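The structure appears right after this line, and notes come after that.
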Amino acid sequence: MGTPTGKLPWWQLTLFGVGCTIGTGFFLGSSIAIRKSGLLVLVIFVLAAVATLFVYEALAQMTMQDPQKGSFRSYAKAAFGRWAGFGMGWIYWCSEILILGSTLTALGLFSRVWFASWPLWVFTAIYAVLGLLVIILGSQGINKAENVFAMIKIAAVLMFIVVAVVALLRGRGNWDTVHSSAAWLNKGWMGA
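147 is the number that my numbering gives to position 154 of the sequence shown; each next residue is one higher, with no gaps.
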């Protein structure tokens, strides 16, 4: 198999990866998880991040030793057979479709903050059309859009961290709430 020539510099690939990782659902999903189950879910987020780091480290090492089109699907096929590769490909496709739907819904929910009287489906349709336009423009359109969105997402995460630290240091945060067991285990040990 010939080695494909990459047209993206490393920094664009890095921004693309960060932008995809910090998706729109990241903010909405995190807020729902913290509100429903308490602050202890942050420990679960850290454990999931460590597990993801191990998976991507292994994938990066496999890619360096044997670069192939198809990424993890190709490696599953080589290790476990045709059906494993086939299954991995379809599992990935299904997960991307589900992620797309949840991302469009999250974007619509965020937009309704400013336009509360508009139905959710209008925003979802608008963002779906915008996404299709970016894809139709080709990889350059996706790269430019994803770079801008990645910078916005990184800035938003940093802003949340700075605002939280400033609020806690200036005494505006409620430390008693953080130190109570109800904040960490919102619905008790069993989550009932």
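Cβ atoms here follow ideal geometry from the backbone N, Cα and C, with glycine treated the same way. Just so it is clear, the structure is predicted and the values come from calculations on it, not from any experiment.
CB contact flag (residue i, residue j, <8 Å)
| i | j | result |
| --- | --- | --- |
| Leu8 | Glu139 | yes |
| Arg105 | Trp114 | no |
| Ile15 | Val155 | no |
| Ala148 | Val11 | no |
| Thr117 | Gly101 | yes |
Given residue i as reference, the closest of the options once Cα atoms are compared
| i | options | result |
| --- | --- | --- |
| Phe153 | Val141, Pro112, Thr96 and Ser24 | Ser24 |
| Lys146 | Trp4, Arg66 and Cys13 | Cys13 |
| Phe20 | Ala99, Val39 and Glu50 | Ala99 |
| Tyr85 | Lys29, Gly63, Ser95 and Gly74 | Gly63 |
| Gly22 | Val159, Tyr49, Val43 and Ser95 | Ser95 |
| Pro2 | Val158, Val48, Leu125 and Lys137 | Lys137 |
Limits of the unbroken alpha helix (DSSP H) element including residue i
| i | result |
| --- | --- |
| Phe65 | Ser64 to Phe73 |
| Phe38 | Val34 to Gln58 |
| Gly131 | Careful: Gly131 lies outside any alpha helix (DSSP H) and carries neither H nor E. |
Distance between beta carbons of residue j and residue i, contact taken as under 8 Å
| i | j | result |
| --- | --- | --- |
| Leu97 | Ala121 | 6 Å |
| Leu46 | Phe65 | Not confirmed; about 15 Å, so no contact. |
| Met81 | Ala69 | 4 Å |
| Ala26 | Val34 | 5 Å |
| Gln61 | Ser67 | 4 Å |
Cβ of residue i within 8 Å of any chain B Cβ
| i | result |
| --- | --- |
| Val150 | Chain labels in this structure do not include chain B; a single protein chain is all it has. |
Closer than 7 Å: residue i CB and nearest the ligand GDP heavy atom
| i | result |
| --- | --- |
| Gly74 | The ligand GDP is not part of this structure, which contains no ligands at all. |
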